[in-house]
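For reference, each letter of the sequence shown is one residue, going 0 to 493 in numbering that gives the first Met the number 0.
C-beta: ideal position from N, C-alpha, C; glycine also.
Below is one structure, written out as structure tokens; comments come after it.
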Amino acid sequence: MKHKNIMVVGTSSGAGKSITVTGLCRAFFKDGYTVSPFKSQNMALNSYITKDGHEMGRAQALQAMACEIEAHYTMNPILLKPTGDRRIQVIVNGKSIGNMGGLEYGDYKSKLKKDIIQAYNTIKDENQICVIEGAGSPVELNIKQDDIVNMGLAEMVDAPVILVADIDRGGVFASIYGTISLMEPEERARVKGVIINKFRGNVDILKPGLEKIEELTGVPILGVMPYFELDIEDEDGVTEKFNKIKSKTADITVSVIKLKHISNFTDIDALLANKDVNVNYVTSFHELGNEDLIIIPGSKNTIDDLKDIKEKGIAQEIIKMSRKGTPIIGICGGFQILGEKVLDPYGIEGDIKELPGLGLLDIETTMEKEKVTTQYTGLLKGETGLLKGLGDIQVKGYEIHQGVTEGKEKSITLDNRLVATVKDNIFGTYLHGIFDNREFTDFILNNIREKKGLEKKNSTMTFDEYRLQELDKLEKIFRENVDMKAIYKILEEN
0 MKHKNIMVVG
10 TSSGAGKSIT
20 VTGLCRAFFK
30 DGYTVSPFKS
40 QNMALNSYIT
50 KDGHEMGRAQ
60 ALQAMACEIE
70 AHYTMNPILL
80 KPTGDRRIQV
90 IVNGKSIGNM
100 GGLEYGDYKS
110 KLKKDIIQAY
120 NTIKDENQIC
130 VIEGAGSPVE
140 LNIKQDDIVN
150 MGLAEMVDAP
160 VILVADIDRG
170 GVFASIYGTI
180 SLMEPEERAR
190 VKGVIINKFR
200 GNVDILKPGL
210 EKIEELTGVP
220 ILGVMPYFEL
230 DIEDEDGVTE
240 KFNKIKSKTA
250 DITVSVIKLK
260 HISNFTDIDA
270 LLANKDVNVN
280 YVTSFHELGN
290 EDLIIIPGSK
300 NTIDDLKDIK
310 EKGIAQEIIK
320 MSRKGTPIIG
330 ICGGFQILGE
340 KVLDPYGIEG
350 DIKELPGLGL
360 LDIETTMEKE
370 KVTTQYTGLL
380 KGETGLLKGL
390 GDIQVKGYEI
400 HQGVTEGKEK
410 SITLDNRLVA
420 TVKDNIFGTY
430 LHGIFDNREF
440 TDFILNNIRE
450 KKGLEKKNST
460 MTFDEYRLQE
470 LDKLEKIFRE
480 NVDMKAIYKI
490 LEEN
């Protein structure tokens, strides 16, 4: 098959571009094609480290899993990570090239077209189909010049376009009509279909509106996706997981500190696969006090987030709960926050050069100029504290951190670096994906169950297997509600 491509853009951020691309990727893969995702530029704090140590958007890594191929930075050649103070860290071809302000990056990004084309051509040479994802809205008039991620990219790689619109937020027909109307004539010609996302109710009610919007735009409706629950990673902070209603029936309650610059909150997803676990993202110290486990997640700006949780009284409450014996787990930036202090001599994260941590671990972290980006597999030695009785288990994950951590706490891996450490009820690690390790997570949760007089449970599948099961659910819902024959026709005609 000659290489084909198709692009998904949205009427807004959070309209459902990522989930649509993931569904298409899974369907094409299941139909026997070699397929890859592609997003030229992604702005997100959820990132992933490839086997060769390159950083890319977590959403594209998940889409690669839907295609059952190894994630590679060419699927997302430009990743922008907000660092605070209106600056972004710019990652090109998997490696950071430094921080820039918005205007500075706006002037710079046209230079990246060659990197985008080179990355896309690599995917083109290796796959029969490429499913391309846009970003935000394709008609952001203030930044349309030198567009490298929406209709400008569609032109660069000659891709037909599907527009996704979110009906749940209201005004879906206006958003479809307005988006298409604001496009240039040559851009409108590329739009071959519309998918309406997150519909609640009987689709027959929509039919008069669907017919009218097709008449007004000349673009067919390819499907109406229902609102459904699916347990796969979200791309960024536009997620409903932060707003989930607390369950009164869950046996185990986990409080995750929702940091201002929270990153890689997908680390928590493996906990959500346990039906008796309730995860609450907390922003106030008033919300702490009755949980079975507190998690301080990753951060794109550790010092600023540490300062923020101190000012809000959250830090003091975490210390108070730790003294009562509540297990505290810190991941990456959260691990750094658990220490005695965080130092930033080069101003990597801002103007604050040093800030005391929570003092729960005898460690210090110094922000260095070079960033650690690596996958990790090693032996974790569970002999003391929170991990006593775990024994030696193999764990895998990936590291993304600017800080170098040292101190009196001993590493509980065979690595000489402080990849992970434990002290009484405090566990800190640099490993993103730590809860993806089934044996580790079962042990932590079973310890909590045992203390509460509950029956122990063991997972029946790995988190990777669970993720594939959820992706298959997505594929089934996608095929039931979207006209795949029409999508294949769009591919063939391009």
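Subject >> CA-to-CA distance, Leu-205 to Lys-80, given in whole angstroms >> reply: As a working note, residue 80 is residue 81 in the sequence shown. As a working note, residue 205 is residue 206 in the sequence shown. Each residue's Cα considered, the two are about 39 Å apart.
Subject >> Gly-100 vs Arg-85 beta-carbon contact at 9 Å >> reply: Residue numbering aside, residue 100 sits at position 101 when the sequence shown is read from its first letter. Residue numbering aside, residue 85 sits at position 86 when the sequence shown is read from its first letter. Against a cut-off of 9 Å, the Cβ pair of Arg-85 and Gly-100 comes out as a contact.
**OP:** For my contact list, Gln-62 and Val-20 are in at a C-beta cut-off of 8 Å; report their separation, rounded to the angstrom.
**Re:** Indexing the sequence shown from 1 puts residue 62 at position 63. Indexing the sequence shown from 1 puts residue 20 at position 21. Indeed, because the Cβ distance is near 6 Å, the residues count as touching under 8 Å.
Original post:
Could you give the uninterrupted runs of the beta strand (DSSP E) lying entirely in the segment 129 to 184, keeping only those of 3 residues or more?
Top reply: 160 to 165
Subject >> 6 Å Cβ shell around Tyr-32 - same chain, five flanking residues per side excluded >> reply: As a working mapping, residue 32 is identified with position 33 in the sequence shown. Cβ within range, chain order: Gln-127, Ile-128.
Subject >> Minimum C-alpha distance to Val-481 - residue among Glu-228, Met-224, Gly-135, Tyr-429 >> reply: As a working note, residue 481 is residue 482 in the sequence shown. Of the listed residues, the one whose Cα sits closest to Val-481 is Met-224.
Original post:
Which class does Leu-386 belong to by DSSP, given the choice of helix, strand or coil?
Top reply: Against the sequence shown, residue 386 aligns to sequence position 387. The answer is helix: DSSP assigns Leu-386 an H, G or I state.
Original post:
Assuming Val-156 and Tyr-119 make a contact with CB atoms under 8 Å, what is their CB distance in whole Å?
Top reply: Here the question's residue 156 lines up with position 157 in the sequence shown. Here the question's residue 119 lines up with position 120 in the sequence shown. Indeed they touch by this definition, with Cβ atoms about 6 Å apart.
**OP:** Using the DSSP secondary-structure output, state which residues sit across from Val-7 in a beta bridge.
**Re:** Taking the sequence shown and counting its residues from 1, one reaches residue 7 at position 8. Beta-bridge pairing links Val-7 to Glu-132, Ile-161.
Subject >> Distance between beta carbons of Asn-45 and Ser-262, contact taken as under 8 Å >> reply: What you label residue 262 is simply residue 263 of the sequence shown in a count that begins at 1. What you label residue 45 is simply residue 46 of the sequence shown in a count that begins at 1. So it is a contact: roughly 7 Å between Cβ atoms.
**OP:** For Met-0, count neighbouring Cβ atoms within 10 angstroms of its own Cβ and tell me buried if that reaches 16, exposed if not.
**Re:** Within the sequence shown, numbered from 1, the residue matching residue 0 stands at position 1. So Met-0 ends up on the exposed side.
**OP:** Within 10 angstroms of the Cβ of Gln-335, are there 16 or more other Cβ atoms? Answer buried if so, exposed if not.
**Re:** Within the sequence shown, the letter at position 336 stands for residue 335. Answer is buried; the Cβ neighbour count reaches 16.
**OP:** Mind checking who Asn-493 pairs with in its DSSP beta bridge?
**Re:** Locating residue 493 in the sequence shown gives position 494, where the first residue counts as 1. Note: Asn-493 sits in no beta bridge, so no partner.
Subject >> Separation of Thr-373 from Ile-48, as counted between CA atoms >> reply: The sequence position of residue 48 within the sequence shown is 49, counting from 1. The sequence position of residue 373 within the sequence shown is 374, counting from 1. Taking the straight line joining both Cα atoms gives about 6 Å.
**OP:** Look up Pro-505 in the DSSP assignment and give the residues it is bridged to.
**Re:** What the structure shows of the chain is the stretch from 0 to 493, and residue 505 is not part of that stretch, so it cannot be assessed.
**OP:** With distances taken Cα to Cα, identify the nearest neighbour of Thr-252 among Ile-447, Ile-131, Leu-417.
**Re:** Walking along the sequence shown from the start, residue 252 turns up at place 253. Comparing Cα-Cα distances from Thr-252 to each of Ile-447, Ile-131, Leu-417, the minimum goes to Ile-447.
Subject >> Inter-residue CB distance, Ser-39 and Ile-122 (contact presumed, cutoff 8 Å) >> reply: One-based indexing of the sequence shown puts residue 39 at position 40. One-based indexing of the sequence shown puts residue 122 at position 123. No, Ser-39 and Ile-122 are not in contact; Cβ-Cβ is about 11 Å, not under 8 Å.
Original post:
In this structure, does DSSP put Ile-392 in helix, strand or coil?
Top reply: Residue mapping note: residue 392 aligns to position 393 of the sequence shown, counting from 1. Of the three classes helix, strand and coil, the one that applies to Ile-392 here is strand, per DSSP.
Original post:
Which word fits Ile-147, buried or exposed, when buried means at least 16 other C-beta atoms lie within 10 angstroms of its C-beta?
Top reply: On the sequence shown, residue 147 is found 148 positions in, with the first residue counted as 1. Counting Cβ neighbours within 10 Å, Ile-147 comes out buried, since at least 16 surround it.
Subject >> Below-9 Å beta-carbon distance, Pro-344 vs any chain C residue >> reply: The chain inventory of the structure shown lacks chain C, comprising one protein chain alone.
Subject >> Reference Glu-186; option with closest CA among Leu-209, Ala-153, Gln-144, Ile-175 >> reply: Position 187 of the sequence shown holds residue 186. Answer by Cα proximity: Ala-153.
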